Amino acid sequence: MTERLTVRSTLAQALVRWLLAQRTELMDGTEAPLFAGVFAIFGHGNVLGMGTALSEHPELPVWRGQNEQGMALAAVGLAKATHRRQVGVATSSIGPGALNMVTAAGVAHANRLPLLLLPGDTFVSRAPDPVLQQVEHFGDGTATVNDAFRAVSRYFDRITRPEQLLSALPQVARVLTDPADCGPVTLALPQDVQAEVFDFPASLFEPVVHRPQRPRPDQRTLSHAANLLRASRRPLLVLGGGVRYSGAARVALAFAERHGVPVTETTAGRTLVPHDHPLYAGPLGITGSSSANALAADADLVLAVGTRLQDFTTASWSVFSPDVRLVSVNTARFDAVKHGGLAVVGDARETLDELSVDSWPVDKHWTTRANVERSRWDDYISGLRRPGTGLPTYAQVVGVVNEAAEPGDYVMTASGGLPGELIGGWRAAHPGMDVEYGFSCMGYELAGAWGAAIGHTGGVVTTLLGDGSYLMLNSELYSAAFAGHGFVAVVCDNDGYAVIDRLQRGNGGSAFNNMYADCRTAHAQPPRVDFASHAAALGCAVLTADTLDGLAAAYAQARTHARAGTPAVVVIRTHPASWTDAGAWWEVGVPEISTNAEITEARTASDKAKEGQVRYLKRP
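With UniProt numbering, letter number 571 in the sequence shown gets 571, and the count goes up by one each step, no holes.
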């Protein structure tokens with residue numbers, strides 16, 4: 001009889017050993033650790049359990065954060081930079097430390113990105129209750145603040161006995177590596193249970209390589225899709241983030257070239273198509289381009305691959321004709337069935353490779369229209385980039401960074417006005433962009449850049465952000481400087497939340513509480529933030545610029561610092577009210593009644609625009 005081998009460990013030790021045993025296949029086919037590192041702030045609830053276990057295994061990098069939200073956002077940025085092939089882990093103390101990570105979980109959930117959260121939890125024994133940082137629920141003795149993670153986790157579990165890891169860990173690996181269910185996982189770890197011992201099977205710690213799953217589509221559904229495509233004359237191919245994670249960009253372009261189908265991208269799919277490709281119509285939606293939106297309005301069929309078609313991509317579902325047919329290719333049936341389209345459930349690369357459409361007479365004028373429309377958009381962007389008088393604009397700043405970009409570079413942003421400028425204005429020669437606009441989380445720009453600098457192995461990581469995002473969450477600049485992870489942060493100072501001011505005033509509202517000039521203050525001359533001095537105090541290299549030429553010189557120098565492992569912050573004052581406009585509508589909650597005549601007019605305009613909104617597409 002074979003003796004059963006076991007390893008006697010605490011729960012925390014077993015969990016760390018399991019993390020180390022997990023491997024992944026990267027985009028280039030090589031193997032690497034699935035868990036690229038742990039972001040940690042230790043405190044009451046995790047310092048002796050998880051902290052001790054992590055200290056015993058220096059081969060698993062542990063990076064010290066300054067703010068739990070920031071370090072968890074860094075883990076999200078790492079996952080995005082590695083195309084979901086590697087995962088960042090974040091562990092915190094109980095109470096406020098844990099709750100600080102909830103926002104990051106929301107970012108990962110909205111963007112379908114893997115993230116493993118290990119918040120400390122209160123005692124299972126309840127012997128010392130109520131403990132420090134414990135929030136007591138009068139009607140539920142089992143509830144803790146960690147239950148807040150349930151709403152933003154794809155998988156949640158509270159481990160109350162060490163042996164529960166045996167059933168929980170396979171589910172953890174499933175969610176973090178599954179192309180359809182990918183998202184944040186939360187394992188709440190009571191601090192007494194972290195330290196408890198169990199004889200774990202040695203097989204739990206044997207190396208496992210997680211290779212990407214590539215589900216094939218149902219052949220009958222695929223045949224139906226081919227018939228729909230064959231009957232269309234003005235098809236449009238929309239590429240989303242699923243194409244990026246599948247590594248399907250080349251297959252998608254080959255499909256488009258074979259049939260003469262114009263191509264556009266979503267926010268998550270941005271930079272998959274070379275800008276000068278003759279079939280590229282530009283990015284789609286509100287933050288996209290008028291060129292892609294013009295084609296979308298006239299398309300008779302949309303083949304959407306790897307996208308959930310959110311409101312910014314579809315201009316709140318006003319960009320498509322009500323007669324359009326939708327074929328949606330997605331690994332997640334949840335996303336594929338939306339809006340009444342034909343759901344083709346399968347991996348993007350394999351589905352496009354198997355999708356055979358013979359004798360498909362796409363209108364030749366339609367094929368060439370992509371290049372014609374995008375050329376007009378290019379002229380518009382070129383005009384916005386030209387030097388002028390006054391403060392530099394966002395479009396000009398993006399142009400300077402774009403001109404200096406090199407193969408392997410990675411550019412990112414998240415919130416405010418810069419997503420519209422970066423998505424609509426960037427001219428991609430190679431892939432490498434992260435615009436976190438699923439959750440639009442202010443502060444992701446700096447924290448996510450730290451994670452991207454860890455995970456991205458190509459060129460320089462550059463993040464663009466406004467002064468509002470900088471002030472929202474800047475502490476991880478010090479984390480990156482301390483750890484030696486270099487990137488460039490271009491900070492555009494326009495004196496407030498300028499894009500929300502635009503939204504406010506653009507819908508009839510008065511300027512209120514967004515720009516500093518419109519906020520309550522006791523000062524005749526309110527203090528200004530010295531971003532350069534602040535970033536320098538956090539250990540960053542700092543450069544300032546007043547002109548576009550000065551920005552180009554400062555950015556070039558900043559890239560040198562980033563390559564040497566030092567975060568470099570470039571600060572420039574920018575125009576508060578100059579924007580790139582894709583000419584699309586976005587539904588927002590304009591008051592139905594108001595004492596303000598301008599708001600009443602804006603509501604009338606909104607109601608009229610809603611008349612063109614497609615609520616549900618006709619069944620294909």
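Glycine is no exception: its CB is placed at the ideal position from the N, C-alpha and C atoms.
Computed from a prediction, not measured in an experiment: that's the story for all the values here.
Item	Value
Along the chain, which unbroken stretches of the alpha helix (DSSP H) at least 4 residues long are found entirely within the stretch 263–317?	290–298 and 311–314
When you compare each of L116, L113 and L187 to D147 by their alpha carbons, which one comes out closest?	L187
Does the contact criterion of 3 or more C-beta pairs under 8 Å hold for the stretch 347–364 versus the stretch 510–524?	no
What residues in its chain sit with their C-beta under 6 Å from that of G458, if we drop five residues either side in the sequence?	G408
Can you give me the Cβ contacts of K338 inside the same chain, cut-off strictly under 8 Å, excluding the 5 residues immediately before and after it?	R308, L309 and S328
Just to confirm the assignment, what range does the beta strand (DSSP E) spanning G466 have?	V461 to G466
Looking at the strands, I want to know which residues DSSP matches up with F138.	Looking at the DSSP assignment, F138 forms no beta bridge with any residue, so it has no partner.
I'd like the list of long-range same chain contacts for S594, defined as Cβ closer than 6 Å, with 5 residues on each side in sequence excluded.	T600
Excluding the 5 residues preceding and the 5 following L132 in the sequence, name in chain order all residues of the same chain whose CB lies nearer than 7 Å to its CB.	H44
In this structure, how does DSSP classify I454 when only helix, strand and coil are distinguished?	helix
With DSSP as the reference, identify every bridge partner of Q22, one or two as the case may be.	V208
Whole angstroms is fine: what's the gap from N596's alpha carbon to S415's?	29 Å
If you run the structure through DSSP and keep just helix, strand and coil, what is F334?	helix
Between the C-alpha atoms of G95 and P190, what's the straight-line distance to the nearest angstrom?	12 Å
Assess contact between the stretch 71–79 and the stretch 398–405, defined as three or more Cβ pairs (one per stretch) separated by less than 8 Å. Is contact present?	no
Which value, in whole angstroms, describes the spacing of the CA atoms of L446 and D199?	42 Å
By the three-class DSSP mapping on this structure, what secondary structure does L228 have?	helix
Express the C-alpha separation of F149 and N100 in angstroms, rounding to a whole number.	11 Å
According to DSSP, is D581 part of a helix, a strand, or is it coil?	coil
Along the beta strand (DSSP E) that carries T389, what are the first and last residues, could you check?	From DSSP, T389 is part of no beta strand (DSSP E); its letter is neither H nor E.
At what residues does the alpha helix (DSSP H) containing P419 begin and finish?	L418 to G425
Could you tell me which residues DSSP puts in a beta bridge with S328?	A304 and A343
So if DSSP puts S92 in a beta bridge, which residue, or which two residues, is it bridged to?	P119
Does the separation of the CB atoms of V460 and R563 fall below 9 Å?	yes
Could you tell me which residues DSSP puts in a beta bridge with M27?	Beta-bridge pairing links M27 to no other residue.
With F482 as the anchor, note down where its alpha helix (DSSP H) starts and where it stops.	E476 to A483
Is V344 near D218, with beta carbons less than 9 Å apart?	yes
So, under 8 Å CB-CB, S290 and G583 are touching, yes? Tell me the CB distance rounded to an integer number of Å.	5 Å
Rounded to a whole number of angstroms, what is the C-alpha to C-alpha distance between T544 and D530?	11 Å
Taking the CB atoms as reference points, tell me whether T331 and S246 lie closer together than 9 Å.	yes
Could you tell me whether the Cβ atoms of V62 and F205 are closer together than 9 Å?	no
Which term fits Q504, buried or exposed, when burial requires 16 or more other beta carbons within 10 angstroms of its beta carbon?	buried
V251 lies in the alpha helix (DSSP H); which residues open and close that run?	A249 to H259
Helix, strand or coil for residue 630? Go by DSSP, reduced to three states.	Because residue 630 is not part of the residues shown, which for the chain are 1 to 620, the question remains open.
Between which residues of its own chain and W366 is the CB-CB distance below 6 Å, once the five residues before and five after are set aside?	R234
Y437 and T580 - do their beta-carbons sit closer together than 9 Å?	no
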